[in-house]
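Quick note on the numbering used here: the sequence shown kicks off at 3 and runs consecutively. Using N, Cα and C, we set each Cβ at its ideal position, and we do this for glycine too. All figures in this text were calculated on a predicted structure; none of them were measured in a lab.
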Amino acid sequence: MTIASDAVAFFSRESLQDPYPLYEHMRAAGPVQRIGDSEFYAVCGWDALNEALARPEDFSSNLTATMTYTDDGRIKASQMDPLDGPTHVLATADDPAHALHRKLLVRHLAAKRIRVIEQFATDAAERLWRAGLNAGHIEWMGAMANRLPMMVVAELIGLPDPDVAQLVQWGFAATQLLEAFVDDEEVAAAGVAVLELSGYITEQFGHALADPQDNLLGELATACASGELDSLTANLMMVTLFAAGGESTASLLGSAVWMLASRPDIQRQVRENPGLLGPFIEETLRFEAPFRGHYRHVRNATSLGGVELPAHSHLLLLWGAANRDPSQFDNPDEFRLDRPGGKGHLSFGRGVHFCVGAALARLEAQIVLRQLLDRTSMIEVADVGPWLPSIFVRRLEHLVLRVR
Numbered sequence: 003m004t005i006a007s008d009a010v011a012f013f014s015r016e017s018l019q020d021p022y023p024l025y026e027h028m029r030a031a032g033p034v035q036r037i038g039d040s041e042f043y044a045v046c047g048w049d050a051l052n053e054a055l056a057r058p059e060d061f062s063s064n065l066t067a068t069m070t071y072t073d074d075g076r077i078k079a080s081q082m083d084p085l086d087g088p089t090h091v092l093a094t095a096d097d098p099a100h101a102l103h104r105k106l107l108v109r110h111l112a113a114k115r116i117r118v119i120e121q122f123a124t125d126a127a128e129r130l131w132r133a134g135l136n137a138g139h140i141e142w143m144g145a146m147a148n149r150l151p152m153m154v155v156a157e158l159i160g161l162p163d164p165d166v167a168q169l170v171q172w173g174f175a176a177t178q179l180l181e182a183f184v185d186d187e188e189v190a191a192a193g194v195a196v197l198e199l200s201g202y203i204t205e206q207f208g209h210a211l212a213d214p215q216d217n218l219l220g221e222l223a224t225a226c227a228s229g230e231l232d233s234l235t236a237n238l239m240m241v242t243l244f245a246a247g248g249e250s251t252a253s254l255l256g257s258a259v260w261m262l263a264s265r266p267d268i269q270r271q272v273r274e275n276p277g278l279l280g281p282f283i284e285e286t287l288r289f290e291a292p293f294r295g296h297y298r299h300v301r302n303a304t305s306l307g308g309v310e311l312p313a314h315s316h317l318l319l320l321w322g323a324a325n326r327d328p329s330q331f332d333n334p335d336e337f338r339l340d341r342p343g344g345k346g347h348l349s350f351g352r353g354v355h356f357c358v359g360a361a362l363a364r365l366e367a368q369i370v371l372r373q374l375l376d377r378t379s380m381i382e383v384a385d386v387g388p389w390l391p392s393i394f395v396r397r398l399e400h401l402v403l404r405v406r
């Protein structure tokens, strides 16, 4: 059986701003649904999504195609690198390549390194707050949420801090290619930005090859010199870190502060009981997953959730839909600080592809939110939105806070 989801509804302005009523409708119809008459299938149920994650032999993480929605209501596949091609790294790689890429990152996310990054993030957040606050207001996304994660990624890799403003633009441009609503001019502009980012990283990588330092750039340069890694893969790993690492944490920082500022009762509870900050972050991750979804390539004809899937079709794993599946979460549309099993959401994935930077994203959120609450007695929304028109990420475009 193949269940078709209405493509127009899936890509509508209303669903992009608030996808959860659509997700509820889709789950009620079935956990796996074909999107229109396309070769893409949305996975929106908790059990089906977890099954897909547990079957990498059937569902490759390789990003071989993305959806593009045209003005006349059609869905076309924008072809990427073929299955098992050389450009698939980290989250879009399969084992054994994925395991190698992950191993090279893990040392730089170990406890000793994280302590150094923690101090860097603390100091950077303080500087950004002072620079962004103006007459009791701060545009949170531009001043803090979009900038701090890129600063942390740059520090982790070993890139100059003055380059961060440009890196923010390049990093967000890279994810724009996956948003489904870009016209030819926007694709071209995003492609140029990605090439510029790649060129910049290639230049920095050349310096590291000549004089490797004790940072991720130096680690990758050493791996290339030993033959463990090739330079294309190393370059793409760093591009991916900017595009994904910066995006996910920026999204979390925006959603968390919007939740605090727009829900005085939640803000009051977290202020009165600092021990609730951790559960608050986890519930924010469940309630507004930073990434709406990720793709999988169907290697061979198979089935999932009672739906037959042709070979070389594509899945879109909808984290936000699974995170609100009532079969897994009681009253899933309620934001609850006392929700049991707080880390049981799927916002950082699960299994071998569990987000390698999840602990770092949580740490940044803890630092920034604790500073914000300590500096203020009340934060309120002065202006907000919209959400980025994307089926890939869930990030506010702007959020102006009034602070006291």
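Collapsed DSSP secondary structure at residue i in the structure displayed
i, result
"H408", "Only positions 3 to 406 of the chain appear in this structure, which leaves residue 408 out of reach."
"R404", "strand"
"L311", "strand"
"F207", "helix"
"D385", "strand"
"H139", "strand"
"F12", "helix"
"F61", "strand"
"L390", "coil"
"L348", "coil"
"L339", "coil"
"V154", "helix"
"L111", "helix"
"L1", "Past the edges of the chain, shown from 3 to 406, lies residue 1, and the structure says nothing about it."
"Q373", "helix"
"V272", "helix"
"S200", "helix"
"G359", "coil"
"T378", "coil"
Boundaries of the alpha helix (DSSP H) in which residue i is found, first to last residue
i, result
"M240", "S233 to T242"
"R298", "Counting along the chain, R298 falls outside any alpha helix (DSSP H), though it belongs to the beta strand (DSSP E) covering G295 to V300."
"E284", "L279 to F289"
"T251", "G248 to S264"
"Q19", "R15 to Q19"
"V34", "Per DSSP, V34 belongs to no alpha helix (DSSP H); it is in the beta strand (DSSP E), V34 to I37."
"C226", "L218 to A227"
"N52", "W48 to L55"
Which listed residue (the options) has its alpha carbon closest to that of residue i
i, options, result
"R132", "R298, M239 and V370", "V370"
"Y297", "F12, D213, L169 and L55", "L55"
"N303", "G201, D60, R29 and G138", "One point to set straight first is that residue 303 is Ala, not Asn, in the sequence displayed. Minimum Cα distance to A303 is reached at D60."
"R109", "A44, A210 and L219", "L219"
"D49", "W172, L348 and G277", "L348"
"R301", "G295, G308 and L317", "L317"
"R270", "P312, T378 and N136", "T378"
"A367", "L24, L135, N148 and M28", "N148"
"I203", "T224, L375 and N237", "N237"
"P342", "V194, E285 and V196", "E285"
"V154", "A190, G280 and A361", "A361"
"L306", "L255, V45, G295 and Y22", "V45"
"G359", "H103, M261 and A127", "H103"
"S329", "L403, T68, G32 and V402", "G32"
"N217", "D385, G138 and I159", "I159"
"R117", "L85, Q81 and E157", "E157"
"L111", "R404, I381 and G247", "G247"
Buried or exposed (CB count within 10 angstroms, at least 16 for buried), residue i
i, result
"L222", "buried"
"Q19", "exposed"
"R396", "buried"
"F293", "buried"
"T66", "buried"
"A30", "exposed"
"Q206", "buried"
"P88", "exposed"
"T251", "buried"
"D125", "exposed"
"F42", "buried"
"D327", "buried"
"N136", "exposed"
Residue i Cβ short of 7 Å to the ligand FAD heavy atom set
i, result
"R273", "In the structure shown, the ligand FAD is absent, as is every other ligand, since no ligand is present at all."
Start and end residues, beta strand (DSSP E) containing residue i
i, result
"R69", "Correcting the residue identity first, residue 69 is Met in this sequence and not Arg. Looking at the DSSP string, the run of the beta strand (DSSP E) that includes M69 is A67 to Y71."
"L318", "H316 to L320"
"F42", "F42 to V45"
"H27", "Run containing H27: none in the beta strand (DSSP E); it sits in the alpha helix (DSSP H), Y22 to A31."
"T304", "T304 to L306"
"V91", "Per DSSP, V91 belongs to no beta strand (DSSP E) and is neither H nor E."
"R81", "This sequence places Gln at residue 81; Arg is not what is there. That run of the beta strand (DSSP E) goes I77 to Q81."
Determine, using beta-carbon pairs with one atom in the stretch 94-101 and one in the stretch 129-144, whether at least three such pairs fall under 8 Å.
-> no
Pair every Cβ in the stretch 236-247 with every Cβ in the stretch 261-278, then say whether three or more of these pairs are closer than 8 Å.
-> no
Touch test, the stretch 334-344 against the stretch 282-290, Cβ-Cβ under 8 Å, three pairs minimum = yes
State whether the stretch 65-80 contacts the stretch 25-41, with contact taken as three or more CB pairs (one from each stretch) at a distance under 8 Å.
-> yes
Mind the definition here: the stretch 387-401 touches the stretch 8-22 only if three or more C-beta pairs lie below 8 Å; say whether that holds.
-> yes
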